[in-house]
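Down below is the structure, laid out as structure tokens.
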Amino acid sequence: MSSNLAIDRDALIKAAFEAKAFAYSSPFHPKFPVGAALLSENGEIIKGASIDCVSSGAVCAERTAIVKAVSEGIRSFAAIAIVSDVPRPISPCGLCRQVMQEFCAFEMPVLMAPADYEERRSSGDETGGASILSIRELIHICEPEISYRLVGGESH
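Under UniProt numbering, the first residue of the sequence shown carries the number 1, and numbering increases by one thereafter.
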């Protein structure tokens, strides 16, 4: 499935930042809030926030958004944006990549934006420091070091 829907990158990333505000971390977990915004083929944005519970581990923002959408009968998606508080874009974990592969087209864009995306855009950086990869590209990245470098990090 290939989307003909125009993707407003800024609006989708802004929605992901809004979702991040609702992230939850147990007092016993390190704080790593993540927000995701999933764009359906009909133009609806479904937001998801990370939820880190002491008893059951973490539910990533990407999976939260996908589960919300699927449980409401929405199963066709055009793009997803992911943000956190770190100064570089973060990429989805392996489990999120597998869930995306199950419900999203391989060519669907995954927008990964750094914490200072808005400031970069305001100062004239056209991309805002965001990285965009397809699900297909993400599925084939399995080494953490490679993934880290691809989304703007430095090699260790």
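In this text, a Cβ means the ideal position worked out from N, Cα and C, and glycines have one as well.
Contact between Leu12 and Leu95 is ruled out by a C-beta separation of about 22 Å, above the 8 Å threshold. Per DSSP, the continuous beta strand (DSSP E) segment holding Met112 begins and ends at Pro109 to Ala113. Taken in chain order, the whole beta strand (DSSP E) runs of length 3 or more contained in the UniProt domain "CMP/dCMP-type deaminase" (7–124) are 34–40, 45–49, 51–53, 57–59, 77–84 and 109–113. Judged by beta-carbon spacing, Thr64 lies beyond the 8 Å limit of Ile74, meaning their Cβ atoms are not closer than that value. Each of Ser71, Ser91 and Ser55 was checked against the Cα of Gly35, and the nearest Cα belongs to Ser91. One thing to note: Ser26 has its Cβ within 8 Å of the Cβ of Val54. In terms of CA proximity to Ala15, Val83 leads the group Asp125, Val83, Phe32 and Lys68. For Ile135, the three-state secondary structure derived from DSSP is helix. In the same chain as Arg97, and ignoring 5 residues on each side of it, the C-beta atoms closer than 7 Å to its own belong to Leu138 and Ile139, in chain order. The C-beta of Glu126 has fewer than 16 other C-beta atoms within 10 Å across all chains shown, which makes the residue exposed. Note on geometry: alpha-carbon atoms of Glu118 and Ser56 lie some 33 Å from one another.
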